[in-house]
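Everything below concerns the one structure shown next.
Residue numbers (the working numbering): 31 to 196.
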């Protein structure tokens, strides 16, 4: 008496037996070949089903969504080095009688690089080294007053306009 039946796949090797007895033209029905049934066969290269998928599930069906791994959050703080400002001075500033006036109100100014010009920079924050380098070149960094954080280099607040007596 036989206890184990030999599998069909092991018997049907060779060039002509590539279909294992299921015919040369049609695919044998397995989970990936249901045709129109459900979402099977809607993989990466399922061009025939893309219109159906997009209609039913929207454009977010294909590709990765959401957090893919830890630490992928991008740093959105705006920072710029004084050396970059010096190199691209025409992009960031305007020439005036006082020197180069640079308006970077949303940026923190960092101290990497060299400063050769007299810069008057308006910014949100600045590092100690940036303040020192700009002052050494004869300029100044004007920091927007903030109640929570930020080093005070030279904080210049707008002056109150007094009304003349009538």
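Glycine included, every Cβ here is placed at the ideal spot set by N, Cα and C.
| Asked | Found |
| --- | --- |
| Range covered by the beta strand (DSSP E) that runs through residue 112 | That residue, residue 112, is in no beta strand (DSSP E); its alpha helix (DSSP H) goes 112-117. |
| Helix, strand or coil at residue 145 according to DSSP, with G and I counted as helix | coil |
| Residue range of the unbroken beta strand (DSSP E) whose run includes residue 124 | 123-125 |
| Residue 137 burial status per 10 Å Cβ neighbour count (16 or more: buried) | buried |
| Unbroken beta strand (DSSP E) run spanning residue 135, endpoints | 130-140 |
| The stretch 116-131 in contact with the stretch 143-153 per 3-pair CB rule at 8 Å | yes |
| Bridge partner(s) assigned by DSSP for residue 153 | 134 and 173 |
| Coarse secondary structure for residue 104, derived from DSSP in three states | coil |
| CA-to-CA distance, residue 83 to residue 36, given in whole angstroms | 41 Å |
| Residue 118 and residue 143 closer than 8 Å at C-beta | no |
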